[in-house]
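A.B. asks: In the UniProt record's numbering, the protein residues as written are 1 to 171.
Where a beta carbon is used, it is the ideal one built from N, C-alpha and C, also for glycine.
Quantities reported herein were computed from a predicted structural model and do not represent experimental measurements.
Once you've had a glance at the structure underneath, I'll fire off some questions.
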C-alpha cells in the first residue's frame with residue numbers, strides 16, 4: 001500500500017530547501033571536522049616519526065624535580081624502549097632499560113649516558129627534551145629487549161638519532 005501526498009509548490013519548495021540546507025550543514029560539519037583533524041595532525045605531529053612508532057607515554061618538564069618524582073611510580077622497575085626527544089632539532093636518543101625511571105635519571109645526571117646526547121642536553125637544556133616511552137616490555141615477549149631496541153633504532157632515519165650505532169648492544 002502506498003500513500004501519495006500532494007504538496008503545493010510552496011510546500012515542495014520549502015521541503016526541498018530544508019533538505020538542501022540539512023545536506024549543506026552536514027557537508028560543513030564534516031568539512032569542519034576534517035579541517036580540525038588536519039590542523040591537529042599537522043600541528044602536533046613531528047614528521048621525523050614513522051607512523052609505526054607511536055609513543056605510549058610522553059613525559060615533559062624533565063628539568064623540574066617535582067615532576068621527575070611524580071614519574072617514579074609509573075616508571076620504576078618497568079622495562080621498555082625509551083627515547084629522549086629534542087623538540088628544537090627533532091633528534092632523539094633511543095634506548096632500552098629494565099628500569100626506565102633509573103635509566104632516565106642516569107641520563108639526566110650524565111651517568112652512563114651517550115656522549116652526543118649529553119652534549120645536546122647541555123647545549124639545548126633539559127627543558128627542551130621529552131622522555132618518550134615507545135613500548136613497555138613484558139617477559140612474555142618473544143624478542144629480547146636489546147633486539148627490540150635495535151628494531152626501534154632502525155625504524156628512524158639514522159641522521160635524526162643521537163645513537164652511535166644502528167644496532168643496540170647492551171642494557
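(1) Could you check what DSSP says for residue 96 in three-state terms: helix, strand or coil?
(2) Helix, strand or coil for residue 58 per DSSP?
(3) For residue 20, does the count of other Cβ atoms within 10 angstroms reach 16, so buried, or fall short, so exposed?
(4) Where does residue 133 sit, in a helix, a strand or coil, going by DSSP?
(5) Comparing alpha-carbon positions, which option in 62, 70 and 80 lies nearest residue 128?
(6) For residue 99, tell me which candidate among 112, 78, 86 and 84 has the shortest Cα-Cα distance.
(7) Using DSSP with H/G/I as helix, E/B as strand and the rest coil, what is residue 84?
(8) Compare the Cα-Cα distances from residue 114 to each of 60, 92, 16 and 124 and report the closest residue.
(9) Do three or more CB pairs link the stretch 137-153 to the stretch 101-116 at distances below 8 Å?
(10) Going along the chain, which residues of its own chain have a beta-carbon closer than 7 Å to the beta-carbon of residue 101, five neighbours each way excluded?
(11) What does the Cβ neighbour count give for residue 64, buried or exposed, with the cut at 16 atoms within 10 Å?
(12) Just the Cα atoms here: how many angstroms apart are residue 47 and residue 116?
(13) Which residues bound the alpha helix (DSSP H) around residue 145?
(14) By the 10 Å Cβ neighbour count, where 16 or more other Cβ atoms means buried, how is residue 54 classified, buried or exposed?
(15) Assuming residue 119 is part of the alpha helix (DSSP H), what are its boundary residues?
(16) Alpha helix (DSSP H) containing residue 68: first to last residue?
(17) Comparing alpha-carbon positions, which option in 69, 83 and 66 lies nearest residue 58?
C.D. replies: On the basis of the supplied data:
(1) strand
(2) Residue 58 falls in the strand class under three-state DSSP.
(3) exposed
(4) strand
(5) 62
(6) 78
(7) strand
(8) Ranking 60, 92, 16 and 124 by Cα distance to residue 114 puts 92 first.
(9) no
(10) Once the five neighbours on either side are set aside, the close Cβ partners of residue 101 are 71, 72, 75 and 76.
(11) exposed
(12) Reliability of the predicted coordinates at residue 47 is poor, the pLDDT of 43 falling under 50, and the value obtained from them is presented with this limitation in mind. Cα-Cα distance, rounded: 22 Å.
(13) Residues 145-154.
(14) exposed
(15) 115-124
(16) Counting along the chain, the alpha helix (DSSP H) containing residue 68 begins and ends at 65-75.
(17) Ranking the options by Cα distance to residue 58, first place goes to 83.
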